[in-house]
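Structure first, commentary second.
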Amino acid sequence: MTSIDDVARATGVSTATVSRALRGLPNVAESTREAVRLAADDLGYVASSSASGLASGRTLAMGAVVPSVSRWFYTAVLEGIDHELRAASYDLILFNLGGRGEDRSRVFHRSILRKRTDALVALCLDFSAEERRQLTSVGHPAIVVGGPVRGLRHIGIDDLGAAKLAVEHLIALGHRDIAHIGGEDEAGLNRSVPEARQAGWRDALTTAGIPVRGDRFVLGGFNIDTSKQATDVLLSSGERPTAIFAASDEMAVGAMLSIWAHGLRVPGDISVIGIDGHPLARTFGLTTLEQHPFAQGATAARMLLDELAGNPPRSRSVRHPVTFIDRGSTARPA
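Take 0 as the starting number for the sequence shown in numbering that gives the first Met the number 0 and just add one per residue.
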């Protein structure tokens with residue numbers, strides 16, 4: 000059986016350096032790290048996570064709490080987290096709440112407090128005061144991806160700013176009647192994201208001197224079916240808007256399906272823009288602001304791994320940029 004000593008001899012470095020390189024720890028030159036990984040692959044060496052855990056007092060596992068595994072954003076963030084953890088020989092333990100309160104309680108009272116993981120990433124969740132106290136009591140490094148949470152670091156985009164950019168794009172094209180399809184809050188989810196995107200819509204209109212009409216805001220539930228139904232109502236109410244800003248790409252796709260079902264054209268009759276960078280945006284030719292969830296997950300994992308390696312914790316939150324992608328679903332009003 001291949002041992003760590005074999006990898007050390009093959010690369011001409013110490014066993015300690017081999018261990019640090021394979022675990023993704025700092026103070027190892029990138030060229031050395033790559034040489035060690037290649038040698039380990041060639042020799043078929045796999046580090047024992049249990050042995051490493053006993054030596055360090057850690058589980059060598061990171062937890063990720065998600066509201067559901069059925070949403071594209073969550074799975075894309077998880078892929079980014081897992082990419083970084085695998086490079087550091089860390090395991091990913093997934094806690095899927097599935098919208099059930101008892102599962103949320105299980106995660107905190109059983110898994111976290113019993114130290115099944117070394118750190119925690121939460122996706123689009125808010126924490127109660129008691130949950131924050133529990134995290135502090137076990138010294139668990141934690142980061143939230145997908146909206147700010149009081150008292151915790153978070154990684155995400157400027158939701159208000161991104162929404163303003165989307166609406167300002169429509170205004171620059173000449174639109175003055177711009178509807179907004181927003182999200183509904185689910186129990187336990189971070190309310191700040193849909194609220195910030197709605198606020199960005201209002202702010203952009205107000206800054207441009209355009210009245211904010213209450214009948215131009217409808218709830219799309221962050222899914223295709225609900226947003227299609229909401230757009231059906233919007234288009235059946237008489238005077239239709241010339242443009243729609245949706246708080247997510249899935250809701251924008253639902254709006255486009257409704258527009259086509261009414262015999263109208265995108266963007267000939269109604270322009271549509273979203274936020275996300277969902278794969279469906281490319282399929283439907285949707286203009287959007289891409290928020291790169293894979294990169295957000297990778298950043299979260301790297302921050303926690305650096306902290307677990309003994310580096311000073313980065314106390315500040317990280318704001319990821321968005322990328323404007325014009326696919327032709329917006330144009331000047333007819």
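No residue lacks a Cβ here, since even glycine has one placed at the ideal position from N, Cα and C.
Could you check if residue i is buried or exposed, using at least 16 other CB atoms within 10 Å of its CB as the buried criterion?
i, result
"Gly309", "exposed"
"Pro320", "exposed"
"Gly219", "buried"
"Leu37", "exposed"
"Trp200", "buried"
"Glu78", "exposed"
"Ser127", "exposed"
"Ser236", "exposed"
"Pro312", "exposed"
"Ala50", "Its pLDDT being 48, under 50, Ala50 is placed unreliably in this model, and the coordinates cannot settle the point."
"Ser335", "Look at the range of the chain in this structure, 0 to 333, and you will see that residue 335 is not part of it."
"Glu129", "exposed"
Could you give the DSSP three-state label for residue i: helix, strand or coil?
i, result
"Arg215", "helix"
"Ala28", "coil"
"His153", "strand"
"His179", "strand"
"Ala308", "coil"
"Arg331", "coil"
"Glu238", "coil"
"Ser191", "helix"
"Ile274", "strand"
"Thr335", "Residue 335 lies beyond the range of the chain shown here (0 to 333); nothing can be said about it."
"Leu172", "coil"
"Leu53", "Here Leu53 scores only 40 on pLDDT, less than 50, and its place in the model is too uncertain to base an answer on."
"Leu91", "strand"
"Ala251", "helix"
"Phe338", "Lying before the first or after the last residue shown, residue 338 is absent from the chain, which here runs from 0 to 333."
"Thr286", "strand"
"Leu119", "strand"
"Ala65", "The question names Ala, but residue 65 is Val in the sequence shown. Three-state result, Val65: strand."
"Ala86", "helix"
"Ile269", "coil"
"Phe72", "helix"
Our contact map puts residue i next to residue j with C-beta atoms below 8 Å; I'd like the distance itself, whole angstroms only.
i, j, result
"Gly399", "Leu122", "Here the chain covers residues 0 to 333 and nothing more, so residue 399 does not appear."
"Leu204", "Val166", "7 Å"
"Leu172", "Ala28", "The pair is not a contact, with the Cβ atoms about 51 Å apart (cut-off 8 Å)."
"Arg175", "Ile209", "6 Å"
Please report the straight-line C-alpha distance between residue i and residue j, rounded to a whole angstrom.
i, j, result
"Val271", "Asp5", "59 Å"
"Glu83", "Thr206", "42 Å"
"Ile269", "Pro332", "7 Å"
"Thr14", "Ala20", "10 Å"
"Glu33", "Val17", "10 Å"
"Glu249", "Pro140", "32 Å"
"His168", "Asp202", "13 Å"
"Arg240", "Lys227", "First, the amino acid is wrong: residue 240 is Pro here, not Arg. Answer to the nearest angstrom: the Cα atoms are 15 Å apart."
"Val143", "Val65", "10 Å"
"Ser30", "Thr10", "11 Å"
"Thr322", "Ile154", "16 Å"
"Gly276", "Gln290", "6 Å"
"His261", "Asp81", "43 Å"
"Arg132", "Gly138", "10 Å"
"Arg215", "Glu238", "11 Å"
"Ile170", "Leu93", "42 Å"
"Gly284", "Met255", "10 Å"
"Pro147", "Ser314", "13 Å"
"Leu307", "Leu164", "37 Å"
"Val35", "Leu124", "38 Å"
"Tyr89", "Leu59", "5 Å"
"Thr282", "Trp71", "15 Å"
"Asn26", "Tyr73", "32 Å"
"Ile156", "Pro292", "10 Å"
"Val192", "Asp40", "43 Å"
"Arg85", "Arg115", "18 Å"
"Glu346", "Val217", "The structure shown does not extend to residue 346, since the chain is modelled only from 0 to 333, so the question has no answer here."
"Ser328", "Gly296", "29 Å"
Cβ atoms of residue j and residue i: under 8 Å apart, would you say?
i, j, result
"Ala300", "Met61", "yes"
"Ala118", "Leu303", "yes"
"Ala245", "Ile180", "yes"
"Val120", "Asn95", "no"
"Val265", "Ile258", "yes"
"Ser316", "Arg152", "yes"
"Val252", "Leu234", "no"
"Arg318", "Thr286", "no"
"Gly342", "Phe221", "Look at the range of the chain in this structure, 0 to 333, and you will see that residue 342 is not part of it."
"Ala242", "Ile324", "no"
"Ala161", "Leu288", "yes"
"Leu42", "Ala63", "no"
"Arg190", "Asp158", "no"
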